[in-house]
Amino acid sequence: MTAPTRSSSWLFPDLGPTAEDLALRALAQTSDGRFRSGQNGVQAVAATGDGKVEFVGLADSTLAHITSSMGYPAYYPVPPLGEPSPVKAILMDLDGTTVHSEEFWIWIIQTTIARLIGDDAFELEEADIPFVSGHSVSEHLGHCIAKYCPEKSLADARRIYFETTEQEMEAILAGRGRPGAFQPAPGIKEFLLELKARGIRIALVTSGLYAKAYPEILDAFSTLGLGDPEEFYDSIITAGTAVGRGKAGTMGELSPKPHPWLYAESLRVGLGIDFVERSSVIGIEDSGAGVCAVRLSGIRTFGLAHGNIRESGTEGLCHAVVESFDEVLGYIDSRARTG
5 MTAPTRSSSW
15 LFPDLGPTAE
25 DLALRALAQT
35 SDGRFRSGQN
45 GVQAVAATGD
55 GKVEFVGLAD
65 STLAHITSSM
75 GYPAYYPVPP
85 LGEPSPVKAI
95 LMDLDGTTVH
105 SEEFWIWIIQ
115 TTIARLIGDD
125 AFELEEADIP
135 FVSGHSVSEH
145 LGHCIAKYCP
155 EKSLADARRI
165 YFETTEQEME
175 AILAGRGRPG
185 AFQPAPGIKE
195 FLLELKARGI
205 RIALVTSGLY
215 AKAYPEILDA
225 FSTLGLGDPE
235 EFYDSIITAG
245 TAVGRGKAGT
255 MGELSPKPHP
265 WLYAESLRVG
275 LGIDFVERSS
285 VIGIEDSGAG
295 VCAVRLSGIR
305 TFGLAHGNIR
315 ESGTEGLCHA
325 VVESFDEVLG
335 YIDSRARTG
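For what it's worth, this note's numbering labels the leading residue of the sequence shown as 5, then goes sequentially.
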């Protein structure tokens with residue numbers, strides 16, 4: 005989907021004309037009741053299909069309301085994208101985009117809850133999957149606790165989760181882990197090498213904590229024969245380290261996708277690209293939360309069709325939804341010709 009960046013007739017300035025055009029759900033008001041459509045300068049209110057992000061259209065701007073399951077919602081201005089320009093850098097998600105590992109991390113959540121409740125036979129239901137993939141560890145575990153064991157604490161669940169993760173990561177790096185845990189995405193090697201050949205900078209951006217994310221990409225790079233990912237990538241931004249007794253955490257889990265901060269950090273700090281130059285950068289994501297994070301950081305988003313973008317109702321926030329990395333290269337070629 006390709007759209008102009010701004011129109012004075014749009015109900016959602018800098019985002020899109022109407023909820024229908026954006027494939028969003030029209031709402032009478034935001035979930036916190038703060039903004040109501042047609043009242044006090046509000047032109048319209050809409051939400052993504054999964055309800056995780058709401059948009060408030062004002063006369064000359066749009067606000068995004070992220071409804072945090074952790075109890076700390078936030079409002080962000082939706083920045084204009086600006087005119088497309090030749091691509092200088094690409095920001096890429098890890099799970100589902102660079103590496104296919106969702107089933108592994110869902111299994112880790114399931115194993116954690118099984119240990120928490122003392123039932124080795126415990127299994128997640130199909131309906132749980134959208135809530136245990138694509139967000140922070142605490143959000144994933146919080147969903148499961150609320151549904152399956154409300155008498156248990158999040159602190160205990162987190163402790164078991166990180167113990168389980170540490171054991172599995174050590175096993176994987178020692179070559180005796182869960183078979184097929186981290187599979188490189190089809191075509192990713194050719195795509196990354198082509199970007200390198202063109203001098204396009206590449207950043208890896210993930211909501212995963214460093215302890216889980218780095219062994220994952222290290223294992224995938226070993227499979228691909230691409231060497232050290234820290235040498236290959238121009239920037240790697242993770243959700244940091246988990247806080248724990250006797251250990252200081254970084255970043256925290258209140259600011260993962262769909263919040264824009266990981267992508268904003270990658271753009272401005274990781275790559276040193278100023279916000280005003282963001283039109284020369286694109287993001288690639290496979291999840292609705294990731295799409296929102298990229299778009300709220302002011303960057304054009306390419307969504308991968310195999311993810312949950314259509315199911316989450318975020319397709320209208322993408323510049324395009326593509327089947328392969330070759331289509332992204334096609335866009336890069338078109339910008340190079342017209343730039």
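Idealized CB from N, CA, C, for every residue including glycine.
message = DSSP has VAL332 in a bridge; who is on the other side?
response = Position 328 of the sequence shown, counted from the first residue, corresponds to residue 332. Note: VAL332 sits in no beta bridge, so no partner.
Quick check for students: name the residue ranges of the alpha helix (DSSP H) that lie wholly in the stretch 226–264, counting only runs of 4 or more. Correct list: 233–236.
Would you kindly check if the distance between the Cβ of GLY212 and the Cβ of THR242 is under 7 Å?
In the sequence shown, counting from the first residue as 1, residue 242 sits at position 238. In the sequence shown, counting from the first residue as 1, residue 212 sits at position 208. Taking a C-beta distance under 7 Å as the contact criterion, THR242 and GLY212 qualify as a contact pair.
Might you give, ordered along the chain, the residues of its own chain that have their beta carbon closer than 8 Å to the beta carbon of SER142, omitting 5 neighbours on each side? As a first step, residue 142 must be located in the sequence shown, where it is residue number 138. Excluding residues within five positions, the ones whose Cβ falls inside 8 Å are MET74, LEU158, ARG162, GLU257.
Report task. Could you give the DSSP three-state label for ARG205: helix, strand or coil? Result -> To locate residue 205, count along the sequence shown from 1; it is residue 201. In the structure shown, ARG205 adopts extended strand secondary structure according to DSSP, grouped into three states.
Check your understanding: For the beta strand (DSSP E) that ALA27 lies in, which residues bound it at each end?
Key -> As a first step, residue 27 is located in the sequence shown; it is residue number 23 there, counting from the start. First-last for ALA27: undefined, no H or E at that position.
Checklist entry - Comparing alpha-carbon positions, which option in GLY55, ALA93, GLY45 lies nearest ALA340? => result Stepping through the sequence shown from its first residue, residue 340 is reached at position 336. For ALA340, the closest alpha carbon among the candidates GLY55, ALA93, GLY45 is that of ALA93.
- Quick one: what does DSSP say GLU194 is sitting in, helix, strand or coil? On the sequence shown, residue 194 is found 190 positions in, with the first residue counted as 1. DSSP places GLU194 in helix when its eight states are reduced to three.
Query raised in the report: Short check: CB of VAL209 to CB of LEU128, under 7 Å?
Result: Here the question's residue 209 lines up with position 205 in the sequence shown. Here the question's residue 128 lines up with position 124 in the sequence shown. Contact flag unset, no.
**Study point:** Environment of GLY334 [buried if 16+ CB atoms lie within 10 Å]
**Key:** Translated into the one-based positions of the sequence shown, residue 334 becomes position 330. Exposed, by the Cβ-count rule.
*Segments assigned beta strand (DSSP E), at least 3 residues, entirely inside the stretch 75–100*: Runs of the beta strand (DSSP E) inside the stretch 75–100: 78–81, 93–97.
Might you give, ordered along the chain, the residues of its own chain that have their beta carbon closer than 6 Å to the beta carbon of PHE236, omitting 5 neighbours on each side?
To locate residue 236, count along the sequence shown from 1; it is residue 232. Excluding positions up to five away in sequence, the list reads LEU230.
Given this structure, state the Cα-to-Cα distance separating GLU58 from PHE166, to the nearest angstrom.
Here the question's residue 58 lines up with position 54 in the sequence shown. Here the question's residue 166 lines up with position 162 in the sequence shown. The C-alpha of PHE166 is placed about 32 Å away from the C-alpha of GLU58.
Discussion item. Looking at ALA63: is its Cβ nearer than 7 Å to the Cβ of GLY45?
Written reply: For the purposes of this step, residue 63 is taken as the residue at position 59 of the sequence shown. For the purposes of this step, residue 45 is taken as the residue at position 41 of the sequence shown. Cβ distance < 7 Å, so ALA63 and GLY45 count as in contact.
Rounded to the nearest angstrom, what separates PRO8 and ALA189 at their Cα positions? In the sequence shown, residue 8 corresponds to position 4, counting from 1. In the sequence shown, residue 189 corresponds to position 185, counting from 1. Only weak support is given to the placement of PRO8: the predicted model assigns it a pLDDT of 44, under 50, and the value that follows is read from those uncertain coordinates. Here the C-alpha atom of PRO8 lies approximately 31 Å from the C-alpha atom of ALA189.
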